[in-house]
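Chemist:
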Amino acid sequence: MRGFGRPVRGSDRGSAPRPGFNLAERAESLYPVTMDSAVQSGSADEELFASIAATPIASVITDPRRPDNPIVAVNRAFCELTGYREEEIVGRNCRFLAGPDTEPEARALLRDAVRDGRPTLARMLNYRKDGSAFRNAVMIAPVFGPAGGIAYFIGSQMETGEGEVDLEARRREAAGRVAALTPRQRQVLAHMIAGYRNKQTAGFLGIDEKTVKMHRAALLTKLGIASSAEAIRIGVEAGLEISGAG
Ligand SMILES: Cc1cc2nc3c(=O)[nH]c(=O)nc-3n(C[C@H](O)[C@H](O)[C@H](O)COP(=O)(O)O)c2cc1C
Numbered sequence: 215m216r217g218f219g220r221p222v223r224g225s226d227r228g229s230a231p232r233p234g235f236n237l238a239e240r241a242e243s244l245y246p247v248t249m250d251s252a253v254q255s256g257s258a259d260e261e262l263f264a265s266i267a268a269t270p271i272a273s274v275i276t277d278p279r280r281p282d283n284p285i286v287a288v289n290r291a292f293c294e295l296t297g298y299r300e301e302e303i304v305g306r307n308c309r310f311l312a313g314p315d316t317e318p319e320a321r322a323l324l325r326d327a328v329r330d331g332r333p334t335l336a337r338m339l340n341y342r343k344d345g346s347a348f349r350n351a352v353m354i355a356p357v358f359g360p361a362g363g364i365a366y367f368i369g370s371q372m373e374t375g376e377g378e379v380d381l382e383a384r385r386r387e388a389a390g391r392v393a394a395l396t397p398r399q400r401q402v403l404a405h406m407i408a409g410y411r412n413k414q415t416a417g418f419l420g421i422d423e424k425t426v427k428m429h430r431a432a433l434l435t436k437l438g439i440a441s442s443a444e445a446i447r448i449g450v451e452a453g454l455e456i457s458g459a460g
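Note that our numbering has the sequence shown beginning at 215, numbered continuously upward.
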């Protein structure tokens, strides 16, 4: 394992805020995250890692380029939800939350989505460190590297009730929020969900990267959230896809 364990806090990064990054910077002190020290400052990877620090929703980043797709970053909300400390989580496959009564179909759904490199949402029984079970609505989405292959998966975990009801309510709410975006913002969000970075999205949409970043910032504001990780979750819950995003 390459140098994990460097705690990344606002003070590590110098004081000059980067444009469009202020919210994440501010939230980071609330939800610190440990980042791979190989991640370059100011890079797209750094933004990805910062995005899970900037959300109050339990989130992880995994690296499918390493054996068994281990977790490489986790936020505080994930530790609070599961009862595990960060050092007990990083380096393991997310299946450590599964247990005797975890539904095999939900596991298969996630396994197939990882194999195919596509986003999905699965509801399953998971277990905290103290052995207590909880219903977990897991969202996963791929993130491409600059060369095209999948570099990471981003995942978020939400405790849900026993019935289907609140998941359906979240779906409806997410669909309403996505419908309120402009067509261009929906297209950009659909590309984020599919795992494309700003530069790749710019190429697909025939606009420049700066414009993609502008739409990205605007859609976060419109959704009332601070992090792209959360925007991806909302888009996946809403069932947004590139083909229907116009
Ligand atoms: C980003 C990401 C997040 C995941 N989160 C969870 C989770 O919270 N709970 C869980 O049981 N499985 C989770 N998984 C799924 C497992 O890692 C694994 O893919 C699944 O158990 C199927 O593989 P297996 O049959 O080899 O266990 C996640 C996968 C990824 C890629």
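For every residue, glycine included, the Cβ atom is placed at its ideal position computed from N, Cα and C.
Quick one: give me the first and last residue of the beta strand (DSSP E) that PRO356 is part of.
Modeler: 347-358 is the extent of the beta strand (DSSP E) around PRO356.
Chemist: Please report the straight-line C-alpha distance between SER257 and ALA389, rounded to a whole angstrom.
Modeler: Near 31 angstroms, if we compare the C-alpha coordinates of ALA389 and SER257.
Chemist: For GLU451, which residues of its own chain have a beta-carbon under 6 angstroms away from its beta-carbon, when the five flanking residues on both sides are left out?
Modeler: For GLU451, where only same-chain residues beyond five positions count, the Cβ hits under 6 angstroms are ARG384, ARG385 and ALA388.
Chemist: When you compare only the Cα positions, how much space is there between GLY297 and LEU434?
Modeler: Roughly 29 angstroms between the two C-alpha positions.
Chemist: Please determine whether the Cβ atom of ALA322 lies at a distance below 8 angstroms from any heavy atom of ligand 1.
Modeler: Yes, ligand 1 has a heavy atom inside 8 angstroms of this Cβ.
Chemist: Can you find at least 3 beta carbon pairs, one from the stretch 436-454 and one from the stretch 387-407, that sit closer than 8 angstroms?
Modeler: Yes, they touch.
Chemist: Going by DSSP, which residues form a beta bridge with LEU339?
Modeler: DSSP lists ARG349 as partners of LEU339.
Chemist: DSSP state of VAL450, grouped into three classes?
Modeler: Three-state DSSP puts VAL450 in a helix.
Chemist: Ligand 1 heavy atoms versus the CB of ILE275: any closer than 8 angstroms?
Modeler: Result yes, Cβ under 8 angstroms from ligand 1.
Chemist: In whole angstroms, give me the CA-to-CA distance for GLY345 and ARG299.
Modeler: Those two C-alpha atoms are separated by around 15 angstroms.
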